[in-house]
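Quick note on numbering: full-length UniProt numbering labels position 27 of the sequence shown as 27, and the sequence is numbered without any gaps. All residues carry an ideal CB built from backbone N, CA and C; glycine is no exception.
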Amino acid sequence: MTESILRHVLIVEDEEDIVEILRIALEFNSDYQVSFAKTGPEGLQKAIILQPDLILLDVLMPGMNGMELIEELKIFPETKEIPVAFITSRVLKNEILEYQRRGGIGVIEKPFAPLEIADKIQILWEDSKKNR
């Protein structure tokens with residue numbers, strides 16, 4: 001059996017400043033291929049087409065929010081097995097439990113430390129593979 005390696009991360013985030021911080025942090029601190037989407041529908045389309053290894057999903061977005069998007073991702077055979085982690089400032093215990101109930105593998109809290117984000121993503125992804 002070959003070992004899985006995290007290569008491609010899709011980030012669905014509508015805030016330009018967060019997108020830019022993530023892009024810079026991941027380009028300089030990882031070898032990941034990183035794709036971005038600014039809306040839930042765009043994220044769903046890119047997830048189906050690009051088949052990333054991991055999706056980082058903002059909870060609060062206009063239109064289709066992150067909770068709605070994770071439900072949509074579960075519908076499609078191409079995306080239902082892709083691990084999804086939420087990136088959000090909403091981290092009360094009941095909110096985290098709801099993310100897990102919806103199928104999220106973990107949470108990266110905003111604001112985050114840019115120099116630590118690649119390691120956090122890797123840890124969440126590795127933990128998701130152990131728990132499958």
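Measuring CB to CB, does residue i end up less than 7 Å from residue j?
i: ILE96; j: VAL107; result: yes
i: TRP125; j: LEU54; result: yes
i: ASN29; j: ALA113; result: no
i: SER89; j: LYS110; result: yes
i: THR79; j: ILE49; result: no
i: ILE87; j: LEU115; result: no
i: ASP14; j: LYS38; result: yes
i: VAL9; j: PRO52; result: yes
Roughly how many angstroms separate the alpha carbons of residue i and residue j, rounded to a whole number?
i: GLY103; j: MET67; result: 10 Å
i: ILE11; j: LEU69; result: 12 Å
i: GLU16; j: VAL84; result: 20 Å
Starting from the N-terminal side, write out each stretch of the beta strand (DSSP E) that is 3 residues or longer and does not extend beyond the UniProt domain "Response regulatory" (8-125). Counting whole runs of 3 or more residues, the UniProt domain "Response regulatory" (8-125) contains the beta strand (DSSP E) stretches 8-12, 33-37, 54-58, 84-88 and 107-109.
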